[in-house]
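In my numbering, the protein residues as written are -11 to 573.
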RNA sequence: CGGAGUGUAGCUCAGCAUGGCUUAGAGCGCUGCGUUCGGGACGCAGAGGCCGGAGGUUCGAAUCCUCUCACUCCGACCA
C-alpha cells in the first residue's frame, strides 16, 4: 500500500475533547473517526487491525471446535419477550417498530437467536456438544457512552455459544474458552486478569471476566496479591471485624441540628464514621406488573453499598436510587433516616451483616434534626434481610486468605458465562437424550469486544509519538521510504517495496514527496512496527536503515539481505507472541 | 435522567462581557509555483465558513433573548 493512496489522514493535533490516550492515538493515527456519541467509523488502518484481531479470535475458536456463522442484527421482539429480557433490560436494548408496527430490537447479544436456532437444528444428543460463534455487530444504547473507543454503542463482538447435553459437557466447553481466551489475548499482546464476575443480564450461574487492568477502567476489581484471589467489586466478598460497641445500651435521642451527612454526624457527635449506621435508599422493580418497592439499605458509615450485590440479593429486576418523596412516603426523613420506627413491610430493610453484628451504632431518628445513639439491629428494628451488601474497599480482608485486598480499575475485554437452561427453556431448545427423554440444551455464552480490544491495545501501546501496536495486530508490518532527492535511490525503494511484498511482508510504502520529518512522524503515529529507510547516507553505510518502532536505535542492513532480514525479524516477533500464547493455554 | 460546559474553515482556536471597527480572523492543513530535503522546512500566490439550527429583539446580530439539536465532562450510593 502506498501512503499517497491511503485513505485516512494523520492528525497533527487531536480534537480538544479527547481524554484518553487510546482515543487520541487512534484518532491521530488516522484509524478511527467519530460519527456520533459512541459510534465510530473504522478507517482502513483500523479495519486492517480489527481484521487481524478477528483472525486471531477465529483461529482460536476453530482450535476449540467452533463453527462460524452469522446471525441477524435486527430481531423481532418476540424472542426477547419469550426470555423475559424485553422487560428485564431497559434502556440499553434499542427498540423500534417496523413498517407493520411490529416491535423490533437491535441485537445487543445473541442468546435468544442461538436458542431458537438450537430449537430447530438440535434434535438428538448425537449432535452435541456443539459450539457456534460469530464476529458481528452489536448495538447497546448505553446511558452514557464515554471514553472514546472503550465504551461504544455500536461494536463488533466475537460471541460464541456452547450447546451441551449436560452440565459436565458445558463445563468442559467453558474450560476450553477460559484457556482459548488467554491465548487470544496473549497473541494480541494484551495482558489480562481473569476475575470472578456478576452474571448481569446474561443470567446463569458462574461467570468470569477478562480485565485489562488500567486506571481508566470503568470496572472496579478487588485483588489479593497474597493468594491470587481476584473478583469484580460487584461480587467480591471480604472479611472485616464488626465494631465492638460493648453491651447494648438504651436508645438515646440527641439533637443534631442541620447535621445530615455521615461526615458531619461523625464530627458533630465525635464518633468514628464506622460507628454510624448509614441508610441508603433505592427503588426496586420486580417486573412490569409489580409495584416498585423502597429498599432501605443499611451499611456502616465508612462503607458504600454494593449496588449490583443489592440488586441480586433482593432479586429486583431494576434498582435505582430513590427520590426524596419516595423516602418520606414510608415515614423516613432524608438526612435523619433509619429503619427505627418504620412500619414493618413499608420498605424492604436490608442490613449489612457488619452492621447487624455491631452494637450501639448511631442512626437517624426519622425526625428532622435528631439522631439516635446506641441503635442495635434486631432490638430496635427487624431486618428483612441480612447479608454483606457493603462494597469491597482498599485494605479489606481477602475472603480466601485474610490478607489486605488491593482495589484497582479494569476494562472488561471479554467474558464467559455458564448459562444453563434459561434460554433453551424459554425458546424450546430441547433434544432427545440417549435415554429417550426430552431435555433442554445446556448453554454457555462467551464474548470478546473486538473494537474494545483494539482500544485497550492502543491504550497500552502508545507513546509521545503515537501508536506502537504489536506486530500481530498492527495494520502493516513495515514501512519503507526514501530519504533522498536522488532518482536512483528513489527507484531503489520502489524495487525493495516490491521485494518486501513478494516476501510476504505487509508493507506500507511512503511514496510521498514530503520532508523526512513528516514521513517519520506519520510512520510513528500510525504505529508501524518496522521502518526501513533507503537514503544516500544509508547506501553509503552499506544498505538500508532498519528501525523498530519500539526502539530508538537503528541499524544498517545490506540491501540484498533486506527482505530476508525483515521477514526473519517479523517471524521471530510473531513467534514470541505465539510462544506467549502457548505458555498461558 | 440530573448537573456543568462547548458548538466560528478539515484541525487547534481568537473575536462575543460593552451589537456597527469584519467584506468574519489567525496558526496548522489543503491547491499552484519556486527554493529546500535525516524528525512535523521556507517564500509567494490561492481556495476554503449560512459563526450548529430555528425563531425573536434591533436601523444593524457570530455577539443580546427564547427554543431546539449535537458533542464533552461529572453524577446518577449520602442516611
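All residues carry an ideal CB built from backbone N, CA and C; glycine is no exception.
Secondary structure of residue 205 (DSSP, three-state): coil. Per DSSP, residue 542 is one residue of the beta strand (DSSP E) stretching across 542 to 545.
In the DSSP assignment, residue 563 falls within the unbroken alpha helix (DSSP H) covering 550 to 572. Taking the C-beta atoms as reference points, residue 59 is found nearer than 9 Å to residue 101.
Pairing residue 253 with residue 183 gives a Cβ-Cβ distance that is not under 9 Å. Distance check between residue 453 and each of 395, 470 and 513 places 513 closest, using alpha-carbon atoms only. In the three-state scheme derived from DSSP, where H, G and I count as helix and E and B as strand, residue 212 is classed as coil. The beta-carbon separation of residue 391 and residue 215, rounded to 7 Å, stays under the 8 Å limit for a contact. When the Cα atoms are used, residue 134 and residue 128 turn out to be separated by approximately 13 Å. Burial state of residue 517 is buried, judged by a 10 Å Cβ sphere holding 16 or more other Cβ atoms. In this structure, DSSP gives residue 255 a helical state, which the three-state scheme calls helix. In terms of CA proximity to residue 75, 305 leads the group 305, 97 and 393.
For residue 162, the uninterrupted alpha helix (DSSP H) run begins and ends at 155 to 176, by DSSP. In the DSSP assignment, residue 84 falls within the beta strand (DSSP E) that extends over 83 to 85.
Closest option to residue 159, judged by alpha-carbon separation, among 407, 438, 535 and 503: 407. One Cα belongs to residue 414, the other to residue 104, and the distance between them is close to 9 Å. CA-CA distance, residue 108 to residue 425, rounds to 17 Å. For residue 523, the pairing in a beta bridge is given by DSSP as 471. Counting every other CB atom within 10 Å of its CB across the protein chains shown gives residue 235 a total below 16, marking it as exposed. Remark: C-beta atoms of residue 418 and residue 429 approach each other more closely than 9 Å. Per the DSSP secondary-structure output, residue 181 pairs in a beta bridge with 199. The residue from 198, 204, 20 and 81 with its alpha-carbon nearest to that of residue 447 is 204. Counting every other CB atom within 10 Å of its CB across the protein chains shown gives residue 131 a total below 16, marking it as exposed. The C-alpha of residue 209 lies about 17 Å from the C-alpha of residue 404. Per the DSSP secondary-structure output, residue 496 pairs in a beta bridge with 467.
Ranking 521, 176 and 416 by CA distance to the CA of residue 67 puts 416 first. Taking residue 250 as reference, the option from 389, 560 and 261 with the minimal CA-CA separation is 261. Beta-bridge analysis with DSSP links residue 27 to 24.
Nearest to residue 510 by alpha-carbon distance, out of 456, 476 and 475, is 456.
Burial check for residue 258: the Cβ neighbour count within 10 Å stays below 16, so the residue is exposed. With fewer than 16 other Cβ atoms from the protein chains shown falling within 10 Å of its own Cβ, residue 84 counts as exposed. Two segments are said to touch when three or more pairs of C-beta atoms, one from each, lie closer than 8 Å; by this definition the stretch 472 to 489 touches the stretch 522 to 529. Scanning the stretch 317 to 369 from its first residue to its last, the whole beta strand (DSSP E) runs of 3-plus residues come out as 336 to 340, 349 to 355 and 358 to 363.
Looking from the CA of residue 111, the closest CA among 551, 476 and 422 belongs to 422. Between the C-alpha atoms of residue 220 and residue 332 there is a straight-line separation of about 34 Å.
Assignment of residue 91 by DSSP, reduced to helix, strand and coil, places it in the strand class.
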